[in-house]
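Positions in the sequence shown are counted from 1; adding 26 to them yields this note's numbering.
Don't be surprised by glycine CBs; every beta carbon is placed ideally from N, CA and C.
Scroll down for the structure; my scribbles are underneath it.
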Amino acid sequence: MLPKRITSLILAVGLAGSVLVACGSDSPDATDGNGELRTVDTLRGEIDVPVDPKNVVAVDWQLPPVLVDLGITPVGIYEGYYEEDAAAARAVPHRYVEELADATRIGNWDSVDVEKISTLEPDLIVTTGVGLDDAQIDRLADIAPLAHFSSDDDMESQRQLADIVNRSKEFSDLRDDFDGKAAEISERHRDVLADSRWVSVSGSQENTWFAEGGQTATGSLLNAVGARLSDVVDPEGWWGDPLSMENLTDLDDASVILHPADPDGDAAENTRPLLDNSRFQALPAVTEGNLFGFTQGGASNIGWAIDALDEIDDILARVNT
C-alpha cells in the first residue's frame, strides 16, 4: 500500500520543537557562513543544523512549497509535482512553479537519486520519510544534517519544518493570516454555515466512493471556517474505507457536497460515475443545487491554503438555502 499522503495526493504535514544554540556536531558539517548552529529535535534524535540554511534539499513532495512560504527556495526537490503541466493539473498557484523552476530534480518518492543530492552539497536535508526505507534515510544522513520529522498532521509538520529552518516567526505570521481570513469568511456566511452540513466525496475505478476526512486539505479548510460535517465524515481521518453505491444514502444528511475538480471545474474521470449515478443525483444536496466542484483539494501548505479559502468563500456565497 502506498503512503497515505501519496495515495490521496493531499497535502496535502509532533515533535516538541525545542531549540538550543549549540557548537559542534557528530553529523555531517552543518555550519553556515558564520559557523552558527542550532540543535533541533528530529525522529533520529537531536541534530545540529545551520542557523540560516542556504542549500536545503526537500526529500518529500509536499515540503517545497512550504519552504517557499517561509522564504527559502530549496536547491533540490522531487520531480513531477511543480513543473508547469503537473502543477496546473493540480491547480498549484503559479508562484510556486516560478520559485521552484531552477531547483534540481532528485527523482521521486519511489526512486530518490541520492547521488544527485550529494552533488548539490546541501547544508540541510529535510524529509518526512514518506516512501523512504531505513537504508535511504541512513544514506541521506551521511550527506548532510538530516531533519526527519513526522508527516501525521500537515499543519504540525509545517510548524516543525519552520522551526528546523529557523523561520518560526514567518510561519506564525502566515498562520495568523490564515486564521484571520477563515474567521472573516465564517462571520460573513454564519447563517449558511449554521444551517448546513458538508462533505467532500470522490469516486474510484471500482465503482465505489470515498468521503474525505477532516484531516485532508479540503476537510481542514472546511473545519477552519466552521463548517459542520456530515456524519459520514471521519473528523480525525484522511480518506475512509471505500463505500458502495448502495451506501449513498449516508449522504442524505449533507446539504452541501463538494467533489475534486480540475482548474476548469470538471470532475476527475474516476469521480464521474459517482456523479452520474441515479442515487447520487437524487440526494438532497444535489437536487437543491448544492453540488460544487472544488479545485483546491491539494492546498496542504499554509500559503496555498490562504488562497484556497477564496474558493470556499465563493462556494458559500452560492449555497442555496
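Among R201, P289 and R121, nearest to I332 - alpha-carbon criterion: Ranking R201, P289 and R121 by Cα distance to I332 puts R201 first.
Length of the line joining the Cα atoms of I132 and D67: 25 Å
Counted within 10 angstroms of its Cβ, other Cβ atoms place P148 as buried (16 or more) or exposed: buried
Extent of the continuous beta strand (DSSP E) to which V84 belongs: Position check: residue 84 holds Ala in this sequence, whereas Val was assumed. Taken as a continuous stretch (DSSP letters only), the beta strand (DSSP E) holding A84 covers V82 to A84.
Cut-off 8 Å between Cβ atoms - residues of its own chain near S226, not counting five sequence neighbours on either side: If we look at S226 and ignore the five residues flanking it on each side, its Cβ neighbours are A237, E238, T242, T244, G245, L248, I283, L284, H285, P286, F320 and G323.
Cβ-Cβ distance between S222 and V345 below 8 Å: yes
DSSP three-state assignment for N134, whether helix, strand or coil: Looking at N134 - three-state DSSP - the assignment turns out to be strand.
Cβ distance (whole Å) where M271 is taken to contact N233 below 8 Å: 7 Å
Contact under 8 Å by Cβ, V85 with I151: yes
E196 - DSSP class collapsed to helix/strand/coil: helix
Length of the line joining the Cα atoms of L69 and S177: 11 Å
W330 - containing alpha helix (DSSP H), residue span: I328 to R344
Alpha-carbon to alpha-carbon, T347 and G97: For G97 and T347, the distance between alpha carbons rounds to 42 Å.
First and last residue of the uninterrupted alpha helix (DSSP H) at H120: Unbroken alpha helix (DSSP H) run through H120: H120 to L126.
Per DSSP, the bridge partner or partners of L301: L301 pairs with nothing; no bridge assigned.
Whether A188 touches I73 by CB criterion (8 Å): no
Paired residues, beta bridge with G319 - DSSP: H285
Spatially closest choice to E295 from S230, P289 and A253, by CA coordinates: S230
Straight-line Cα distance separating W135 from G157: 5 Å
Whether P119 touches I103 by CB criterion (8 Å): no
Any 3 or more C-beta pairs closer than 8 Å across the region 297-310 and the region 206-225: no
Exposure of N304, with buried meaning 16 or more beta-carbon neighbours within 10 Å: Correcting the residue type first, residue 304 is Ser in the shown sequence and not Asn. Exposed, by the Cβ-count rule.
Residues bridged to R70 [DSSP beta-bridge criterion]: Answer is none; R70 lacks a bridge partner.
Under the three-state DSSP convention, the category R254 falls into: In the structure shown, R254 sits in a strand (DSSP, three-state: E or B).
Closest by C-alpha distance to P121, when choosing among S183, D95, L269 and V83: Per the sequence presented here, residue 121 reads as Arg, with Pro not at that position. Check the Cα spacing between R121 and each of S183, D95, L269 and V83: the tightest is with D95.
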